[in-house]
Amino acid sequence: MNRRQSMTVWLVVAALALIATLLAFDQLTVARAQAETPTPARPKRTPRPGVEMRTEKIYSPALEGNLLGDPAERTVYVLLPPGYATSDTRYPVVYVMPAGDGEPFSDALGFKTAMQLLLRRGEIEEMIAVVPDGTNKLGGSQFRSSPTIGDYETYITRDLVEYMDTHYRTLPVRDSRALSGCCSGGVASMRLGLKYPNVYSVVAASDGAYDESLEVAPDDVRGVKSVTQLPEKISDLHLGDVEMNGLVAWYIGAAAGCAPDPDSPPFYCEMPIRIVDGRGEFVPEVIAKIVEHDAAHEARRYVQQPVRLRGIFIRHSEYDTARLPSARAFEQLLTDLGIEHEYLEVNAGHCSSGWEHASLKFIADRLVFED
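Structural data, given as structure tokens:
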């Protein structure tokens, strides 16, 4: 290789080295700039407003002076739709009767979840839901009325409705009010809806025993023969014994609402169960009074008055076998009486998730909303 060729090679190598150095410098500069330049923060997602649950305390004159000494001031949970806080709209109201002993919190949470989901999906319009306290010292009486427990019917149909129409932006007409509930809450909503169609226009009930005559059938579907002792004081109803706390407490609560006896403390009612030869049996005269106040009898009275509900929905779970015959018999009774209704059986267990969704959809399709 001559001198000129060597010089050329050297210049090429030097040029390549310079280029590599410049590229490395550029990459370092870019990296440094990127390190010094903050990464733009992702825009925060604005959470969509959900259903608001408020806790209210209302005083019901209808509950004053009850023989059990239960309070007239009651907790009520009010579920407000997302648009309530930012509009002047007036809303229809669904009154949810709680199940079991009448304690409202769990039903309020379940209904809130269902409302929120259906609203976000656009499957229902916005409405207000109200879940009142229905408890008493006996473990609940399904919102019946008597001197023993107090006038729960007037508490619900007058005092609670007036409170909501006064303190919230409701549509204060029957065509914009509904009742709903599951289990004993379903029974109460059906009974009250049929009895007070001038106050409410839609009923959606799930998994209820609407015909009490089938609950005391000779085949002992309720298990009364397994009862071996009766309570002597109210605290005996809450000892945790399944037979005592369940069956006996339920029927004493029902009797307190349907067969009150002011001269029979501490329960102030005629006892619906007695012990004969060491085994429990129903007292026919007392059971007859309970049956007389069931939803089936209310349906027979309903057809005798002029006002009609805009919709009646009965949803029942097929695995709720204890109450299924009662639900089917009640559906047949409505058909025989010519009372329009919808009946649905679902492949589910007692008061399983989903009853709130079905009820809300039915109700939303039939209530009158603000134009």
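Following our numbering, the numbering of the sequence shown begins with 49 at its first residue and continues without gaps.
The beta-carbon is built from N, C-alpha and C at its ideal position, and this holds for glycine as well.
Computed from a prediction, not measured in an experiment: that's the story for all the values here.
Item, Value
"Start and end residues, beta strand (DSSP E) containing P180", "176–180"
"Nearest-angstrom beta carbon gap, A147 and S228 [assumed within contact, 8 angstroms]", "Not confirmed; about 11 angstroms, so no contact."
"Own chain partners of L295 with C-beta closer than 7 angstroms, once the 5 adjacent residues on each side are dropped", "R270, G271, V272, V275"
"Same chain only: Cβ atoms within 6 angstroms of C230, ignoring 5 sequence neighbours per side", "A147, S254, D255, C399, W403"
"Secondary structure of M238, DSSP reduced to three states", "helix"
"Beta-carbon spacing of L285, G187 below 9 angstroms", "yes"
"Three-pair Cβ contact test at 8 angstroms for the region 198–217 versus the region 118–127", "yes"
"Under the three-state DSSP convention, the category I282 falls into", "helix"
"Opening and closing residue of the beta strand (DSSP E) in which H364 lies", "359–365"
"Integer-rounded CB distance, given that L408 should sit under 8 angstroms from A162", "6 angstroms"
"Three-way DSSP call (helix, strand, coil) for M101 in this model", "strand"
"Coil, strand or helix - C399 by DSSP", "coil"
"Residue nearest to V355 in terms of C-alpha spacing, selected from Y244, A297, E366", "Y244"
"Residues near G301 by beta carbon distance below 6 angstroms, same chain, minus five either side", "L186, G187, G188, S189"
"As assigned by DSSP and simplified to three states, the class of I387", "coil"
"Option in G328, Y367, D311 with minimal Cα separation from G397", "Y367"
"Beta-ladder partner(s) of R122, from DSSP", "I106"
"Nearest residue (CA-CA) to S365, options H389, A344, E393, L357", "E393"
"CB contact below 9 angstroms: V209 versus chain D", "Going by chain labels, chain D is absent from the structure shown, which holds only one protein chain."
"Own chain residues within Cβ distance below 7 angstroms of R138, not counting five before or after", "R217, T218, L219, E418"
"Distance between R327 and A257 (C-alpha atoms, nearest Å)", "25 angstroms"
"Spatial distance of P320 from A336 (CA atoms)", "10 angstroms"
"Boundaries of the beta strand (DSSP E) in which L31 is found, first to last residue", "Past the boundaries of the shown model lies residue 31; the chain is included only from 49 to 419, so the question cannot be answered."
"Proximity winner among A297, E329, T369, V331, relative to N184 (alpha-carbon distances)", "A297"
"Unbroken alpha helix (DSSP H) run spanning A302, endpoints", "297–306"
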